[in-house]
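Here is the structure we will look at, set down as C-alpha cells.
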C-alpha cells in the first residue's frame, strides 16, 4: 500500500486490510491528526485551535453529524478510514478499535489537524537530519511551561517535538518550515530546553529520546499532540482520536501546504 | 490621533472623540474587520472562516458573552472601541451608531478578521502602486463567480479587491503578500476579470472604480468583505459589524502578520 493513492489507501483501511501505522504511506500526500467531539464541545475546541494556530493548525472541520471531511478528502469517512482509533470516555482511554462506527455519535464533529510528517519530508528532501528516523524511533515530544491561549474549558501547555541539528541546519530548517504555516510553521524555540520548562531531553513526555550530538542544538516545533492532550485533559464525555502514528491520509498534497 | 498608540486611539473612540474612518491611523498596527453574532450562529460562522482562510483570516474570537478580544487587544471592548458600527436585523441595515452597547447581547461572540490595510502598507513600502490611494477613493471590490466553501447556513461568493499593476509589479506584489498568510496572503487571480465572473471592472460591487493603465494587469486579492457579506446574506436575527472604513485597531503589529 506504500504507493497507493489516498483514496485507495483509505479503501484498504476501511476494508480492514491496512491497520498499521501510516509513516511513509502515500508519499506526497498530507496526513492529519483526528479529534472528534460532541457538537456541544466543538465550538470551544475550534476557538482553542484558532487561538493556537501553531500547535493546532485546522485542516478541516466536518459538518456536525457528518463523518465526511469534505474539504481535504471528499467521499472519505472518518469513522472507518483511520487505521486505528483511540476512544476516550471522560478523559480515560476506553479502547483502540480499528473501526469507530459503534462509538461515533450523530452529534459528532470531526477535526483534522496538521501533522509534522508534512514538513519532515521537506526537511529530509534537503538532507537535514531526522535523528528519530535514523534511530528508528518516534520523535521525542515534551510538555513545556508555555501555556496555550485558553478557550472556555480547553486549556493546557504547549507540547513540542524536538529534532537535533547543527546551527547551520537549524537556520535552514527555520527557513524551510516557515513556508509551512498551515502545518506548525517555524520552530517555537531553539537551544536551552530549560527556558521552556524541559528538564531532561533524555526523558520525553511522549515518543522516544534521541541522541543530541556535539555541536548540535535541540530545535523545537509546536506539536499536533497539543490539541489532543488538551482535549483529553478537559475530560469530555466522549472523544475519538487516531492512535499515535495511525493517521488519516488526506487528498491534499504536502507541497500545497507551503504558502511561499 | 494619527500617531496615537492603539490603546490611546481606542480610548478616544470610546469617549466619542474619534468617530471617523481609520485609514492611516496608528501606523504599523493591524486593523481588523468586526463581525458579532449570537452564539447560536457562531460555530457555523467560525467553521465558514476556517474553511475559507484567504477571504476570512480570523485574528481573534471572543468568549461567548465577552466583548474583549483578549488575544489581539487585551482590555479593549468591541461594543465601544469601533468608531462606527452597522447593526443588521434579519439581514437589513437597522442603524449606524458610534456605540453598540444598546444593541449588543449577552450571548454575542465577536470575530475580528484581517484587513488588507496590513499588506497594502507592505506593498507601498516597496513603492508599488495603490491606485485607489492615489485617486483618493475606496479600493474597488467585486463579487466573483467563485463560490466559497459553505458551512451550514453560511455560503456565498468570494469577494475580491483589485489593484492595477504592471506585470513586474504584480510579480513582486505576489511575493510580498505571500508572506502575509494571516491577512489574505497571495493574490487569488491576475489578468482576465471574466475568468472569475467579473463583467466590468468599471462597475465594482463595493468601493469605487479605479483607472487601469496601458500595460497594467488587474490583480485580485481575497477580500475581508466576503465574511460580512456572507453573514448578512444568511439573515441572522441580529448582527453587528463595523461600518466600512471604520475598523477596529488592534495591538498586533502589521509586521508580525508576516510569516516569513
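Protein chains in written order, with our numbering: chain A, 1 to 260; chain B, 1001 to 1260.
Where is the CB? At the ideal position from N, CA and C, for every residue including glycine.
Every value quoted in this text rests on a predicted model; they were computed, and no experiment measured them.
Residue span of the alpha helix (DSSP H) that contains residue i, given as start and end
| i | result |
| --- | --- |
| residue 113 of chain A | Looking at the DSSP string, residue 113 of chain A is not in any alpha helix (DSSP H); the run it does join, the beta strand (DSSP E), is 108–114. |
| residue 117 of chain A | 117–125 |
| residue 1014 of chain B | 1006–1014 |
| residue 233 of chain A | 225–233 |
| residue 1204 of chain B | Taken as a continuous stretch (DSSP letters only), residue 1204 of chain B belongs to no alpha helix (DSSP H), as it is neither H nor E. |
| residue 1167 of chain B | 1167–1178 |
Where the beta strand (DSSP E) through residue i begins and ends
| i | result |
| --- | --- |
| residue 1051 of chain B | Here residue 1051 of chain B belongs to no beta strand (DSSP E); instead the alpha helix (DSSP H) covers 1039–1051. |
| residue 146 of chain A | 141–147 |
| residue 1066 of chain B | Neither: residue 1066 of chain B is in no beta strand (DSSP E) and is coded neither H nor E. |
| residue 275 of chain A | The structure shown has nothing for residue 275 of chain A, since chain A only spans 1 to 260. |
| residue 251 of chain A | 248–253 |
| residue 94 of chain A | 92–95 |
| residue 187 of chain A | Counting along the chain, residue 187 of chain A falls outside any beta strand (DSSP E), and DSSP gives it neither H nor E. |
| residue 220 of chain A | 217–222 |
| residue 1240 of chain B | 1238–1242 |
| residue 89 of chain A | 85–89 |
| residue 1059 of chain B | 1058–1061 |
Sequence-distant residues of the same chain with beta carbon closer than 6 Å to residue i, five excluded per side
| i | result |
| --- | --- |
| residue 1100 of chain B | 1079, 1085 and 1240 |
| residue 1104 of chain B | 1079 |
| residue 1108 of chain B | 1036 |
| residue 88 of chain A | 232 and 239 |
| residue 95 of chain A | 87 |
| residue 1198 of chain B | 1142 |
| residue 209 of chain A | 140 and 202 |
| residue 13 of chain A | 81 and 83 |
| residue 1021 of chain B | 1245 and 1246 |
Residue i classed as buried or exposed, judged by whether at least 16 other C-beta atoms fall within 10 angstroms
| i | result |
| --- | --- |
| residue 1195 of chain B | exposed |
| residue 1167 of chain B | exposed |
| residue 228 of chain A | buried |
| residue 1116 of chain B | buried |
| residue 131 of chain A | buried |
| residue 1110 of chain B | buried |
| residue 1065 of chain B | exposed |
| residue 1005 of chain B | exposed |
| residue 27 of chain A | exposed |
| residue 1135 of chain B | exposed |
| residue 211 of chain A | exposed |
| residue 169 of chain A | buried |
| residue 1145 of chain B | exposed |
| residue 213 of chain A | exposed |
| residue 18 of chain A | buried |
| residue 1090 of chain B | exposed |
| residue 1125 of chain B | exposed |
Selected residue, minimal CA-CA separation from residue i, among the options
| i | options | result |
| --- | --- | --- |
| residue 153 of chain A | A/215, A/41 and A/6 | A/41 |
| residue 1118 of chain B | B/1062, B/1151, B/1221 and B/1019 | B/1221 |
| residue 163 of chain A | A/182, A/26 and A/191 | A/191 |
| residue 93 of chain A | A/255, A/258 and A/243 | A/243 |
| residue 148 of chain A | A/223, A/95, A/199 and A/235 | A/223 |
| residue 165 of chain A | A/121, A/188, A/217 and A/175 | A/217 |
| residue 1127 of chain B | B/1172, B/1023 and B/1145 | B/1172 |
| residue 176 of chain A | A/189, A/157 and A/121 | A/121 |
| residue 49 of chain A | B/1055, B/1021, B/1060 and B/1052 | B/1060 |
| residue 1230 of chain B | B/1189, B/1215, B/1159 and B/1213 | B/1159 |
| residue 255 of chain A | A/31, A/198 and A/12 | A/31 |
| residue 51 of chain A | A/9, A/156 and A/124 | A/156 |
| residue 76 of chain A | A/54, A/102 and A/11 | A/11 |
| residue 1225 of chain B | B/1013, B/1246, B/1015 and B/1214 | B/1246 |
| residue 1016 of chain B | B/1007, B/1025, B/1046 and B/1082 | B/1082 |
| residue 264 of chain A | A/125, A/188, A/62 and A/174 | Any property of residue 264 of chain A remains undetermined from this structure, which presents chain A solely from 1 to 260. |
| residue 1106 of chain B | B/1219, B/1063 and B/1053 | B/1063 |
7 Å Cβ shell around residue i - same chain, five flanking residues per side excluded
| i | result |
| --- | --- |
| residue 44 of chain A | 151, 152, 153 and 154 |
| residue 1057 of chain B | 1113, 1114, 1182, 1183 and 1184 |
| residue 234 of chain A | 153 and 154 |
| residue 1193 of chain B | 1201 and 1218 |
Nonlocal neighbours in the same chain, by C-beta distance under 8 Å from residue i, ignoring five residues either side
| i | result |
| --- | --- |
| residue 1179 of chain B | 1122, 1258, 1259 and 1260 |
| residue 23 of chain A | 117 and 245 |
| residue 283 of chain A | This structure gives no information on residue 283 of chain A, because the portion of chain A shown stretches from 1 to 260. |
| residue 133 of chain A | 120 and 124 |
| residue 68 of chain A | 62, 74, 75, 76, 77 and 78 |
| residue 97 of chain A | 84, 85, 87 and 103 |
### Query
Any contact of the segment 1234–1244 of chain B with the segment 1025–1045 of chain B, i.e. 3+ C-beta pairs under 8 Å?
Per the Cβ contact rule, the segment 1234–1244 of chain B is in contact with the segment 1025–1045 of chain B (3 or more Cβ pairs under 8 Å).
### Message
Across the segment 1203–1213 of chain B and the segment 1137–1147 of chain B, are there enough close Cβ pairs to call them in contact, namely three or more that are closer than 8 Å?
### Response
Counting Cβ pairs under 8 Å, three or more are found: they touch.
### Query
Should the segment 245–252 of chain A be called in touch with the segment 59–78 of chain A, which here means at least 3 C-beta pairs below 8 Å?
The segment 245–252 of chain A makes contact with the segment 59–78 of chain A: 3 or more CB pairs, one atom from each, lie closer than 8 Å.
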